[in-house]
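Peer 1:
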Amino acid sequence: MPPPPRHETKALTRQAILHAGRDIFARQGYEQTTIRQIAQAAGVGVGSVHLHFDNKLNLLAAVLLEGLEPRIAEGINAAQAPLPLAEQLQRLFRPLFVFYAEQPELSRVLLKEGLFLQGGWKERFDRQIQAFLEEVGKVLLQGQQTRQWRSDIPIEGATQTLFALYLATLIGALREGGELTRFETLFATLLLPWIAAHRRP
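Residues in the sequence shown are numbered from 0 upward in steps of one, following numbering that gives the first Met the number 0.
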């Protein structure tokens with residue numbers, strides 16, 4: 000049987016490194032993890048880890064961004080249904096909370112270290128956040144158009160406020176254990192009064 004094409008082998012190696020990094024970061028934390036440990040767990044050489052990700056922080060960034068991207072798409076799709084504004088926003092954010100709740104130990108590491116990304120990964124993270132905020136803005140605009148929400152509130156400022164509520168939810172829920180119900184309950188506690196305060200009279 001012929002060996003797999005080189006591009007397939009490269010992709011499999013990359014996925015093995017990602018999987019090993021995700022597991023070891025979650026168990027040991029970022030600072031205690033070494034490239035050598037990740038390479039051994041992935042069954043590859045240290046040079047392969049550097050070839051694919053250059054350094055440990057880039058590997059962590061890949062774990063974060065590539066894990067979140069499909070969840071963001073899932074939330075955007077779920078929020079397309081014509082629902083009350085609060086439910087649309089909860090559907091939009093819920094897959095992100097599922098991502099963090101599935102791996103609370105890793106999520107704490109990602110949240111701590113992910114704020115300090117640099118270079119190309121930072122740019123990619125910023126683009127990811129901006130694209131998500133644009134979707135939040137679309138939901139809020141739809142809420143204004145359907146007269147569920149005051150039309151005199153600037154969308155850009157409101158999306159930034161919602162992102163702050165999202166970050167507060169992440170920090171609070173992860174401190175309290177990281178179960179999905181904690182994320183959902185805390186987000187609803189922050190979100191619903193905010194929407195009520197801006198509801199169209």
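Think of the CB as a built atom: it goes at the ideal place given N, C-alpha and C, for glycine as much as any other residue.
By how many angstroms is the C-alpha of Q36 removed from the C-alpha of L116?
Peer 2: Roughly 22 Å separates the two Cα atoms.
Peer 1: Report the three-state DSSP secondary structure of Y29 (helix, strand or coil).
Peer 2: Coil, per DSSP.
Peer 1: Taking contact to mean at least 3 C-beta pairs separated by less than 8 Å, is the segment 103–123 in contact with the segment 26–35?
Peer 2: The segment 103–123 vs the segment 26–35: in contact.
Peer 1: Could you check how far apart the C-beta atoms of G136 and T160 are, in whole angstroms? I think they sit under 8 Å.
Peer 2: Contact doesn't hold; Cβ gap of about 12 Å is too wide.
Peer 1: Out of W148, A60 and Q102, which has the shortest C-alpha to C-alpha gap to G119?
Peer 2: For G119, the nearest C-alpha among the options comes from A60.
Peer 1: By the three-class DSSP mapping on this structure, what secondary structure does E183 have?
Peer 2: Of the three classes helix, strand and coil, the one that applies to E183 here is helix, per DSSP.
Peer 1: Can you give, in chain order, each stretch of the beta strand (DSSP E) that sits fully within the segment 134–173 and has at least 3 residues?
Peer 2: Within the segment 134–173, no complete beta strand (DSSP E) run reaches 3 residues.
Peer 1: Check F115 in the structure and name its three-state DSSP category.
Peer 2: If DSSP states are grouped into helix, strand and coil, F115 belongs with coil.
Peer 1: Below 8 Å, how does it come out for the segment 65–78 and the segment 86–101: are there three or more Cβ pairs, yes or no?
Peer 2: Flag = yes, the segment 65–78 and the segment 86–101 touch.
Peer 1: Does the Cβ-Cβ distance between P103 and G177 come in under 7 Å?
Peer 2: In contact: P103 and G177 (Cβ atoms closer than 7 Å).
Peer 1: Taking the CB atoms as reference points, tell me whether R123 and L64 lie closer together than 7 Å.
Peer 2: Going by C-beta atoms, R123 is nearer than 7 Å to L64.
Peer 1: Is L169 near the ligand GTP, in the sense that its beta carbon is under 6 Å from a heavy atom of that ligand?
Peer 2: Among the ligands in the structure shown, none appear at all, so the ligand GTP cannot be discussed.
Peer 1: Mapping DSSP to helix, strand and coil, what is M0?
Peer 2: Confidence is the limiting factor: at M0 the pLDDT is only 48, short of 50, which leaves the residue's position unreliable and the question unanswerable from this model.
Peer 1: Measure the C-alpha to C-alpha separation of P1 and A15 and round it to an integer number of angstroms.
Peer 2: Residue placement at P1 is flagged as unreliable, the pLDDT there being 47, under the threshold of 50; a coordinate-derived value is accordingly withheld.
Peer 1: Leaving out five residues on either side along the sequence, give the residues of the same chain with a beta carbon under 7 Å from the beta carbon of I23.
Peer 2: Contacts found: T32, Q36, I37 and A40.
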